[in-house]
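Protein chains in written order, with UniProt numbering: chain A, 1 to 335; chain B, 1 to 335. Glycine included, each C-beta is placed from N, C-alpha and C at the ideal position. The model shown is predicted, which means the values in this text are computed figures rather than measured ones.
There are 2 protein chains.
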Amino acid sequence: MSYTIKDVAKKANVSIATVSRILNAQSGYSEKTKIRVLQVIEELGYQPNAIARGLINKRTHTIGVLFPKLSSSLVTDLLDGIEKAAGISGSSVIVCHTEYNGEKTLKYLQLLSEKRVDGIIFASEVLREEYYQFLKKSNIPIILLSTESPSFSIPHVKVNDFHAAYSAASYLIEKGHKNIGMISGNKEDMIAGKPRIEGFQKALADAHIPLSEENVVYKKGFSFPDGVEGLKELLKQFPSVTALFAASDEIAIGALSAAYHLGIKVPDELSIIGYDNLNIASMSIPPLTTVSQPLKEMGETAAGMLFKLLETGKAPNSILMPHQIIERFSVKERI
Amino acid sequence: MSYTIKDVAKKANVSIATVSRILNAQSGYSEKTKIRVLQVIEELGYQPNAIARGLINKRTHTIGVLFPKLSSSLVTDLLDGIEKAAGISGSSVIVCHTEYNGEKTLKYLQLLSEKRVDGIIFASEVLREEYYQFLKKSNIPIILLSTESPSFSIPHVKVNDFHAAYSAASYLIEKGHKNIGMISGNKEDMIAGKPRIEGFQKALADAHIPLSEENVVYKKGFSFPDGVEGLKELLKQFPSVTALFAASDEIAIGALSAAYHLGIKVPDELSIIGYDNLNIASMSIPPLTTVSQPLKEMGETAAGMLFKLLETGKAPNSILMPHQIIERFSVKERI
DNA sequence: TCCAATAAGGTAAACGTTTACGTTCATGCT
DNA sequence: AGCATGAACGTAAACGTTTACCTTATTGGA
Numbered sequence: 001m002s003y004t005i006k007d008v009a010k011k012a013n014v015s016i017a018t019v020s021r022i023l024n025a026q027s028g029y030s031e032k033t034k035i036r037v038l039q040v041i042e043e044l045g046y047q048p049n050a051i052a053r054g055l056i057n058k059r060t061h062t063i064g065v066l067f068p069k070l071s072s073s074l075v076t077d078l079l080d081g082i083e084k085a086a087g088i089s090g091s092s093v094i095v096c097h098t099e100y101n102g103e104k105t106l107k108y109l110q111l112l113s114e115k116r117v118d119g120i121i122f123a124s125e126v127l128r129e130e131y132y133q134f135l136k137k138s139n140i141p142i143i144l145l146s147t148e149s150p151s152f153s154i155p156h157v158k159v160n161d162f163h164a165a166y167s168a169a170s171y172l173i174e175k176g177h178k179n180i181g182m183i184s185g186n187k188e189d190m191i192a193g194k195p196r197i198e199g200f201q202k203a204l205a206d207a208h209i210p211l212s213e214e215n216v217v218y219k220k221g222f223s224f225p226d227g228v229e230g231l232k233e234l235l236k237q238f239p240s241v242t243a244l245f246a247a248s249d250e251i252a253i254g255a256l257s258a259a260y261h262l263g264i265k266v267p268d269e270l271s272i273i274g275y276d277n278l279n280i281a282s283m284s285i286p287p288l289t290t291v292s293q294p295l296k297e298m299g300e301t302a303a304g305m306l307f308k309l310l311e312t313g314k315a316p317n318s319i320l321m322p323h324q325i326i327e328r329f330s331v332k333e334r335i
Numbered sequence: 001m002s003y004t005i006k007d008v009a010k011k012a013n014v015s016i017a018t019v020s021r022i023l024n025a026q027s028g029y030s031e032k033t034k035i036r037v038l039q040v041i042e043e044l045g046y047q048p049n050a051i052a053r054g055l056i057n058k059r060t061h062t063i064g065v066l067f068p069k070l071s072s073s074l075v076t077d078l079l080d081g082i083e084k085a086a087g088i089s090g091s092s093v094i095v096c097h098t099e100y101n102g103e104k105t106l107k108y109l110q111l112l113s114e115k116r117v118d119g120i121i122f123a124s125e126v127l128r129e130e131y132y133q134f135l136k137k138s139n140i141p142i143i144l145l146s147t148e149s150p151s152f153s154i155p156h157v158k159v160n161d162f163h164a165a166y167s168a169a170s171y172l173i174e175k176g177h178k179n180i181g182m183i184s185g186n187k188e189d190m191i192a193g194k195p196r197i198e199g200f201q202k203a204l205a206d207a208h209i210p211l212s213e214e215n216v217v218y219k220k221g222f223s224f225p226d227g228v229e230g231l232k233e234l235l236k237q238f239p240s241v242t243a244l245f246a247a248s249d250e251i252a253i254g255a256l257s258a259a260y261h262l263g264i265k266v267p268d269e270l271s272i273i274g275y276d277n278l279n280i281a282s283m284s285i286p287p288l289t290t291v292s293q294p295l296k297e298m299g300e301t302a303a304g305m306l307f308k309l310l311e312t313g314k315a316p317n318s319i320l321m322p323h324q325i326i327e328r329f330s331v332k333e334r335i
């Protein structure tokens, strides 16, 4: 197989302790033996065994990331940031795809725990009681990303969905709109659902715009089809609508598509603002005005927090990342 | 810290060997001790240490995946499939993001090698000589995904780009088009660039359609901006064009967008066919006709091949996956 | 009754590192 | 000269498993 530290030691006529010290840049050897050992390492192409190291050091330099789904650029931008931060810290990341499935999630947590990952980032999904109990028992450090836990005190990084939704609605109001609708995702979703709805409603209320049940339609998810159906329903229950806040970019793009087929011109007849700033937002016709979450930075920040936590042992503070309205061409001033 | 096999053994009044045998479902113990040990395991919440196992078994049940970039659904669909197959086989996947950077790639290979991953999937990128030498030296099993190596004999799974491009162009021809243009990606790219161009050209030639340098514009990449610029250039050098083959869906969507701004109606005045069948292809206006690569299945297949290789030790055959034309609404028959 | 075979279980080495502790030797100081 | 000190190493235990090999008791058959 491959060479071990013993082979190096033997060939260089030193003990394995010396080789180890040299590898770890500790003291306790002369310059002469150092270059001799280094040369032997080079000759043999010796590679230290991270498994053996992990066994004794109790650090695997590996973290686990749990995602509900993979095939959305929302999630991959987060992953992108995590991977970047991990790379800088010399760690690797194991991705786990839970599919919102509790059993699968628990199985993955078990797996990660057995593999002795240094920590876990739990992203875009509600942290259920059972998960928390498991994590607590096996005391693996954890950071919540793009989600938060109302019941348990766990550090998280996300944007303030309430505020962001408030901003989006306010933006529409500033543009002169009064008949403003919303297509929301799952309203049972305490993270991405409810806060956005409430932020939207608060903005209208603060602007003294009358608000009834007709203003918002509730869909099950945040996907493209939810958007196309959503717009049709909204039009039915709120025909005078002139501006729309979509709870996700996919919903917004769906609405855009439905509007096109219904012959409704965006933004001339209907203004649309999305949420997320996925890369598809800039590719739509017209390019989508949306509220942007700094996804990659969020991933980086979460991973950074985790590594700091691993070093210091101190629980870091949660971080709320700034959102931002990206003005493109799907919203028009109403005069 | 957490409990070890010793703790279990002591509490159950057996030796660690017996516990190990029970954990691995081997023989050599009575039913009575088995349930006793299992109960102790339950009580303590004992979790076997995969690191220690890996050290002695020389199997980490972890594979590495190298991607040039993460933020494209092309890549994440592949990853999705890989992760799925890995989950079924009880393995985890470490993702590495190379950014087409040779140094970074080598560093990642080194890392994966030190972590003693069981195997590597190298995706969507050219396998350079240096990578190959490294892999060969540390003899880690490897599968190429959505790429192939002309020089080295390494099993791969991909679609036949030449054929797929040929099909796309033929489809346009069948629809009655004669003035057919192409926006290609990087023509130096021996995997996704050149073969698609040649497939396109062959289809036109076989149909006896005259073909000159004006028919195709060459861009640096496969992205949205390449598509919008690409269409403008194509229109300039080939004004009579009625149908367009885009070397990627992002290019196609870019062209769609440019066409919209130029007031060119798709598909009435210009037909467009894409390549990849990303999820955005179904969200565009109009929904994009495209040639589909079964990305998720390709990922699954690649991982499956890798696991079979690990079991049997035999190099598997390369697999060419079928492509398929997904008819949506961006191509119109010309009468 | 005795022996071989089998079931049930234990002992200890091995995997490839790190590291606490011990040893040797040269050096400098009094 | 004698001694403390520090540099430059070596030895061996430890990390948590798996497994080859050994031991003991039981059973069935001749």
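Short CB-CB distance (under 7 angstroms) between residue i and chain B
i         : result
Ile-253/A : yes
Asp-77/A  : yes
Arg-116/A : yes
Ser-124/A : no
Ser-113/A : yes
Element boundaries [alpha helix (DSSP H), containing residue i]
i         : result
Ser-132/B : A quick correction: the sequence has Tyr, not Ser, at residue 132/B. First-last of the alpha helix (DSSP H) with Tyr-132/B: 129–137.
Gly-304/A : 295–312
Asp-118/A : Where Asp-118/A is concerned, there is no enclosing alpha helix (DSSP H), given that its DSSP letter is neither H nor E.
Leu-74/B  : 73–88
Leu-252/A : Note on residue identity: the sequence assigns Ala, not Leu, to residue 252/A. Here the alpha helix (DSSP H) through Ala-252/A covers 249–262.
His-97/A  : From DSSP, His-97/A is part of no alpha helix (DSSP H) but of the beta strand (DSSP E) over 92–97.
Ile-56/B  : 50–57
Gly-199/B : 194–206
Min CB distance residue i to chain A below 7 angstroms
i         : result
Pro-331/B : Checking the sequence, you will find Val at residue 331/B rather than Pro. Cβ-Cβ to chain A under 7 angstroms: no for Val-331/B.
Arg-334/B : no
Asp-80/B  : yes
Leu-70/B  : yes
Ile-121/B : no
Glu-83/B  : yes
Ile-285/B : yes
Ser-212/B : no
N-terminal and C-terminal residue of the beta strand (DSSP E) that residue i is part of
i         : result
Gln-324/B : 324–326
Lys-220/A : Unbroken run through Lys-220/A: none, as it is neither H nor E.
Asp-276/B : 271–276
Leu-23/B  : Leu-23/B -> not in any beta strand (DSSP E); alpha helix (DSSP H) instead, spanning 16–23.
CB-CB length for residue i against residue j, believed under 8 angstroms
i         : j         : result
Pro-267/A : Phe-329/A : 7 angstroms
Asn-279/B : Ser-71/A  : 7 angstroms
Ile-183/B : Ala-203/B : In fact, because the Cβ distance is near 16 angstroms, the residues do not count as touching under 8 angstroms.
Taking any Cβ of chain A, which residues in the stretch 256–282 of chain B have a Cβ under 8 angstroms from it, in chain order? Leu-256, Ser-257, Tyr-260, Asn-279, Ile-280 and Ser-282
Are the stretch 182–201 of chain A and the stretch 211–220 of chain A touching, with three or more C-beta to C-beta distances below 8 angstroms? yes
Segment contact, 8 angstroms Cβ cut-off, at least three pairs: the stretch 80–95 of chain A with the stretch 299–313 of chain A: yes
Pair every Cβ in the stretch 123–131 of chain B with every Cβ in the stretch 127–146 of chain A, then say whether three or more of these pairs are closer than 8 angstroms. no
Decide yes or no for the touch test of the stretch 270–281 of chain B against the stretch 306–318 of chain B: beta carbon pairs closer than 8 angstroms, at least 3 of them. no
Interface residues of the stretch 290–312 of chain B facing chain A [CB-CB below 7 angstroms]: none
Stretch-stretch touch, CB-based, cutoff 8 angstroms, three pairs: the stretch 92–108 of chain B with the stretch 65–81 of chain B: yes
Return the residues of the stretch 135–167 of chain B that lie within a Cβ-Cβ distance of less than 9 angstroms from chain A, sorted by chain order. Lys-137, Ser-138 and Asn-139
Chain B contacts from the UniProt domain "HTH lacI-type" (3–57) of chain A (Cβ-Cβ distance under 7 angstroms): Gly-45, Gln-47, Pro-48, Asn-49, Ala-50, Ile-51, Ala-52, Gly-54 and Leu-55
Against chain A, which members of the stretch 218–241 of chain B pass a CB distance test of less than 7 angstroms? Phe-224
Contact between the stretch 250–257 of chain A and the stretch 220–240 of chain A is defined here as three or more beta-carbon pairs at a separation below 8 angstroms; is this criterion met? yes
Touch check for the stretch 37–52 of chain A and the stretch 1–9 of chain A: three-plus C-beta pairs under 8 angstroms? yes
Could you check whether the stretch 318–329 of chain B touches the stretch 150–162 of chain B, counting it as contact only if at least three pairs of C-beta atoms, one from each stretch, sit closer than 8 angstroms? yes
When you check each C-beta in the stretch 89–104 of chain A against every C-beta of chain B, which residues fall closer than 7 angstroms? Ser-92, Val-93, Ile-94, Val-95 and His-97
Flag this pair as touching only if the stretch 191–207 of chain B and the stretch 162–179 of chain B have three or more C-beta atom pairs under 8 angstroms; answer yes or no. yes
Three or more C-beta pairs under 8 angstroms: does that hold for the stretch 54–73 of chain B against the stretch 16–30 of chain B? no
Anything in the stretch 168–179 of chain B with a Cβ closer than 8 angstroms to a Cβ of chain A? List those residues in chain order, please. none
Hey, is the stretch 112–122 of chain A in contact with the stretch 139–147 of chain A, meaning 3+ C-beta pairs nearer than 8 angstroms? yes
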